[in-house]
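Numbering (the numbering used here), first residue to last: 85 to 389.
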Amino acid sequence: MASARTMIYRHLKELRDQLAGSPRRVISVACAQDAPVIEAVKTAAAEGIAEFILVGQREKIRALLDGFDQGVTIMEEEDDRQAALTAVRQLRQGRAHALMKGLVNSGTFLKAVLDPEEGIRTGRLLNHFAAYEVPGHDRLIYFADGGMIPAPTREEKAGILTNCLTALHHMGYEQPRVALLAANEMVNPKISATADAAALMEEYRAGKFPSCVMEGPIAMDVALSPAAAAHKGIQSRISGQTDLFLMPAIEVGNVTGKALSYFCGAKMAGAVLGAAYPIIMISRADDSEAKLNSIALACLAGGGA
Numbered sequence: 085m086a087s088a089r090t091m092i093y094r095h096l097k098e099l100r101d102q103l104a105g106s107p108r109r110v111i112s113v114a115c116a117q118d119a120p121v122i123e124a125v126k127t128a129a130a131e132g133i134a135e136f137i138l139v140g141q142r143e144k145i146r147a148l149l150d151g152f153d154q155g156v157t158i159m160e161e162e163d164d165r166q167a168a169l170t171a172v173r174q175l176r177q178g179r180a181h182a183l184m185k186g187l188v189n190s191g192t193f194l195k196a197v198l199d200p201e202e203g204i205r206t207g208r209l210l211n212h213f214a215a216y217e218v219p220g221h222d223r224l225i226y227f228a229d230g231g232m233i234p235a236p237t238r239e240e241k242a243g244i245l246t247n248c249l250t251a252l253h254h255m256g257y258e259q260p261r262v263a264l265l266a267a268n269e270m271v272n273p274k275i276s277a278t279a280d281a282a283a284l285m286e287e288y289r290a291g292k293f294p295s296c297v298m299e300g301p302i303a304m305d306v307a308l309s310p311a312a313a314a315h316k317g318i319q320s321r322i323s324g325q326t327d328l329f330l331m332p333a334i335e336v337g338n339v340t341g342k343a344l345s346y347f348c349g350a351k352m353a354g355a356v357l358g359a360a361y362p363i364i365m366i367s368r369a370d371d372s373e374a375k376l377n378s379i380a381l382a383c384l385a386g387g388g389a
């Protein structure tokens with residue numbers, strides 16, 4: 085895909101379109117006996133996005149598939165913990181390229197991901213990466229981290245940025261525009277988000293991050309609106325064109341994302357970055373479309389994995 089300067093993703097479906105015709109990834113699903121998961125699996129397989137290894141309660145999975153057998157393999161595991169470990173094992177053994185959470189507790193799922201013998205941890209930080217399609221906005225926007233790291237330190241924020249920028253490069257963005265969010269643009273040692281942003285900008289200027297255009301500390305209004313930037317007398321290269329928003333704390337990412345979804349009707353996709361393979365992990369309450377779009381996001385964000 086062309087660089088972000090000349091071409092952008094405007095809709096989540098474009099992520100799925102980007103995968104059409106490319107070699108199919110195989111996704112291992114832990115505890116796949118879940119109706120929205122199976123609905124997403126069936127659509128993804130039918131669209132040629134991916135093939136699936138469905139680990140879990142065989143009879144429940146078969147009933148949900150309702151005769152569909154295109155690009156799916158079932159592996160029997162009644163116990164949730166064993167199902168999660170078996171799903172992870174498929175990646176370690178080279179049978180799958182991505183991991184997906186089904187009807188299983190997040191703690192049980194992550195224990196399998198991080199298991200010392202069976203897991204797929206790399207030593208890098210794990211963080212959540214969310215894509216939002218907001219009605220009326222001209223491009224997809226990406227948030228991190230609103231789902232895993234409660235109060236990231238500056239070092240953890242650097243890890244989040246590296247993971248997300250690598251993912252965006254895999255997706256075709258040559259120079260993603262990045263906003264290091266804070267309440268305002270003034271650096272105040274008493275406001276950790278501004279101090280962290282200033283330190284991260286020093287690292288950015290020293291070339292320590294994958295290629296991007298980064299600014300911070302920057303308030304959300306300036307990141308979104310050139311008019312707001314002009315009103316504040318701020319010259320910005322990313323205002324109105326921001327791709328990635330680094331959240332100062334989990335509450336900011338979580339509340340902002342849910343507000344976009346419930347107030348604005350935004351659509352969302354999510355993945356976990358930093359493991360040896362991309363992980364599709366969103367709420368069990370999310371519908372099949374969110375799960376389908378998350379499959380596409382994880383496949384693209386993982387590059388050739």
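For glycine and all other residues, C-beta sits at the position ideal for the given N, C-alpha and C.
Could you say which of Lys292, Ala267, Ala266 lies nearest to Leu249 if we only look at CA atoms?
Lys292
Closest Cβ-Cβ distance between Arg109 and chain C: below 9 Å?
The structure shown contains no chain C, having only a single protein chain.
Can you name the residues that DSSP bridges to His212?
Val356
DSSP bridge partner residues for Lys185 (one or two, in chain order)
Answer is Ala114, bridged to Lys185.
Counting Cβ pairs, one atom from each stretch, are 3 or more of them under 8 Å apart for the region 318-332 and the region 255-263?
yes
Hey, how far is the Cα of Gly349 from the Cα of Pro107?
Cα-Cα distance, rounded: 33 Å.
Whole-angstrom distance between Leu96 and Asn211, CA atom to CA atom
20 Å
Residue closest to Arg165, alpha-carbon to alpha-carbon, out of Asn268, Leu198, Gly151:
Leu198
Three-state secondary structure (DSSP) of Lys316
coil
According to DSSP, simplified to helix, strand and coil, what is Gly341?
helix
Please check the pair Glu70 and Pro301, which I expect to be a contact at CB under 8 Å, by giving their CB distance rounded to whole angstroms.
A question about residue 70 goes unanswered here, because the residues of the chain that appear run from 85 up to 389.
Please list the segments of the alpha helix (DSSP H) lying wholly inside the region 236-268, counting only runs of 4 or more residues, in order along the chain.
Listed in chain order, the complete alpha helix (DSSP H) runs (minimum 4 residues) inside the region 236-268 are 238-254.
Short of 7 Å in beta carbon distance, which residues of its chain neighbour Lys316, apart from the five on each side in sequence? Order them along the chain.
The answer, listed in chain order, is Val306.
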